[in-house]
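Chemist: If you want our numbering, it's the 1-based position in the sequence shown plus 18.
Cβ coordinates follow ideal geometry from the N, Cα and C atoms, glycine included.
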Amino acid sequence: MIAESLAVFLLAMAFDILLGEPPAKVHPVVWIGKLIAALRARAKPNLVSGIALALVVIVVTVLSGHLLVKAAGIVPLLPLLVSAYLFKSTFAIRSLLHVSRDIGQMIDQDMDEAKSMLPALVGRDTSSLSKSAASSAVIESLSENYVDGILSPIFYYLLFAPLGYGLEAALAFKAISTMDSMIGYKTRGLKEIGFAGAKLDDLANYIPARLSILPIALARPARASAALRAALRDHGRTPSPNSGWPMAALAGALNIRLEKSGYYVLQEKGVEPKTSDVSRALRLMQTAIALTLAAAFLIQFST
């Protein structure tokens with residue numbers, strides 16, 4: 019079972035790094051999004067409906083993935099490929115790095131174009147952002163999405179793989195994460211129906227967010243202690259109970275100030291970020307991701 023889960027893990031990593039994201043028509047997360055949208059259109063805007071929606075989305079996602087792998091068993095090796103494909107859909111290494119790099123470069127070349135690209139990473143109003151504020155937004159999102167889009171699904175895969183349910187756990191996390199990104203907002207019409215998804219997302223990311231400060235700190239040993247101090251000091255300044263941990267750690271590792279105007283400031287005494295700091299952040303996060311994958315491999319190999 020462990021050998022199989024390791025093979026799925028390695029193949030999924032190869033899919034992501036070499037091929038990137040699959041087409042939207044066959045992307046499992048796109049289908050999860052369609053399910054959420056369909057249920058939201060029919061649900062009443064209240065807490066009970068939101069809880070029911072969350073349960074249905076998680077159960078349907080996990081059961082669909084499980085049954086698809088079982089059905090693939092009629093062809094040798096196909097279950098391995100299907101499992102790897104489904105697991106790959108729960109994380110996005112190549113996509114996160116490429117989008118962050120492209121926007122970082124565009125901030126220097128064409129600020130108006132960069133502002134139009136930024137919503138792919140951030141949820142804030144980008145119309146009035148300066149180059150420094152836009153660079154900060156990219157760096158913040160890069161660290162936050164490292165947890166939500168890479169570390170957390172891998173964490174749950176590793177946690178449940180010894181029981182034979184690593185894929186199902188990763189899919190359950192992705193269903194929760196997708197709900198939070200689609201309906202987990204405190205706006206009229208979404209505050210109640212999205213409450214369950216948002217709280218489940220907070221709970222699911224709780225441990226991974228706190229673990230994230232270790233690979234971020236280790237990725238730049240010379241400032242490892244500064245990264246850890248910044249995370250311990252500033253993590254509570256963000257509205258989210260989880261995003262402040264990786265963002266503050268990255269700010270400390272790079273010795274820069276990260277700010278979302280009107281909401282929070284991290285590493286207040288740090289240097290105002292420049293566009294070149296996006297490249298520095300990318301290099302550091304690539305190392306942190308590599309450390310994460312190496313640790314995940316060793317955990318499975320030694321189990």
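Just tell me which of R301, F213, L169 and I317 has its CA closest to the CA of A237.
Modeler: Here residue 237 is taken as the residue at index 219 of the sequence shown, counted from 1. Closest option to A237, Cα to Cα, is R301.
Chemist: Taking just the CA atoms, how far does G91 sit from G83?
Modeler: Here residue 83 refers to the residue found at position 65 of the sequence shown. Here residue 91 refers to the residue found at position 73 of the sequence shown. Cα to Cα, the separation comes out at about 13 Å.
Chemist: In terms of residue numbering, what span does the alpha helix (DSSP H) encompassing E277 cover?
Modeler: Residue mapping note: residue 277 aligns to position 259 of the sequence shown, counting from 1. It is not in any alpha helix (DSSP H) - E277 instead sits in the beta strand (DSSP E) that spans L276 to K278.
Chemist: Short check: CB of L104 to CB of V78, under 9 Å?
Modeler: Taking the first residue of the sequence shown as 1, we reach residue 104 at position 86. Taking the first residue of the sequence shown as 1, we reach residue 78 at position 60. Their beta carbons are not under 9 Å apart, which means L104 does not touch V78 by this criterion.
Chemist: Please report the residue range of the beta strand (DSSP E) in which R282 lies.
Modeler: For this step, residue 282 is matched to residue 264 along the sequence shown. Checking the sequence, you will find Tyr at residue 282 rather than Arg. That run of the beta strand (DSSP E) goes Y282 to L284.
Chemist: Going straight from the alpha carbon of S261 to that of A269, what length do you get?
Modeler: As a first step, residue 261 is located in the sequence shown; it is residue number 243 there, counting from the start. As a first step, residue 269 is located in the sequence shown; it is residue number 251 there, counting from the start. Those two C-alpha atoms are separated by around 12 Å.
Chemist: Three or more C-beta pairs closer than 8 Å, one from the region 166-183 and one from the region 306-314: is that the case here?
Modeler: Contact between the region 166-183 and the region 306-314 is present, because at least three Cβ pairs lie under 8 Å.
Chemist: Going by Cα to Cα distance, which pick from A188, D219, T256 and M303 is closest to S23?
Modeler: Here residue 23 is taken as the residue at index 5 of the sequence shown, counted from 1. Minimum Cα distance to S23 is reached at A188.
Chemist: By how many angstroms is the C-alpha of L229 removed from the C-alpha of V289?
Modeler: As a working note, residue 289 is residue 271 in the sequence shown. As a working note, residue 229 is residue 211 in the sequence shown. Each residue's alpha carbon lies about 25 Å from the other.
Chemist: In chain order, what residues of the same chain lie with their CB nearer than 6 Å to the CB of A30, ignoring the 5 residues before and after it?
Modeler: Reading the sequence shown from its first residue, position 12 is the one you call residue 30. Here the set comprises A102, F105 and K106.
Chemist: In the region 213-259, which residue ranges form an unbroken alpha helix (DSSP H) of at least 4 residues, counting only runs that do not cross its ends?
Modeler: Segments of the alpha helix (DSSP H) lying fully in the region 213-259: 213-229, 231-236 and 242-252.
Chemist: If we ignore side chains and look at the alpha-carbon of each, how far apart do A267 and A152 end up?
Modeler: Here residue 267 refers to the residue found at position 249 of the sequence shown. Here residue 152 refers to the residue found at position 134 of the sequence shown. So the two alpha carbons sit approximately 19 Å from each other.
Chemist: Can you tell me whether V289 is helix, strand or coil according to DSSP?
Modeler: Indexing the sequence shown from 1 puts residue 289 at position 271. Of the three classes helix, strand and coil, the one that applies to V289 here is strand, per DSSP.
Chemist: Roughly how many whole angstroms lie between the Cα atoms of P94 and S67?
Modeler: Sequence index remark: in the sequence shown, residue 94 carries index 76 (1-based). Sequence index remark: in the sequence shown, residue 67 carries index 49 (1-based). Taking the straight line from one Cα to the other gives about 42 Å.
Chemist: Using the Cα positions of S134 and L221, report the straight-line distance between them to the nearest angstrom.
Modeler: Counted from its first residue, the sequence shown places residue 134 at position 116. Counted from its first residue, the sequence shown places residue 221 at position 203. When rounded, the distance between both Cα atoms is 32 Å.
Chemist: Output the boundary residues of the alpha helix (DSSP H) element that contains A84.
Modeler: Reading the sequence shown from its first residue, position 66 is the one you call residue 84. For the sequence presented, residue 84 should be read as His rather than Ala. Taken as a continuous stretch (DSSP letters only), the alpha helix (DSSP H) holding H84 covers L65 to A89.
Chemist: Strictly under 9 Å for the Cβ-Cβ distance: is S107 near chain B by that measure?
Modeler: No chain B is present in this structure, which holds just one protein chain.
Chemist: Run through the region 147-204 for me and flag every whole alpha helix (DSSP H) of 4 or more residues, listed as ranges in chain order.
Modeler: Segments of the alpha helix (DSSP H) lying fully in the region 147-204: 149-164, 170-178 and 184-201.
Chemist: What is the DSSP secondary structure of L114, reduced to helix, strand or coil?
Modeler: Working through the sequence shown from its first residue, we reach residue 114 at position 96. Helix at L114.
Chemist: Which residue comes first and which comes last in the alpha helix (DSSP H) that contains D130?
Modeler: Along the sequence shown, read from residue 1 onward, the residue named residue 130 stands at position 112. Run containing D130: M129 to M135, per the alpha helix (DSSP H) assignment.
Chemist: Around the C-beta of D120, are 16 or more other C-beta atoms found within 10 angstroms, so that it is buried, or is it exposed?
Modeler: The count along the sequence shown starts at 1 and reaches residue 120 at position 102. Exposed.
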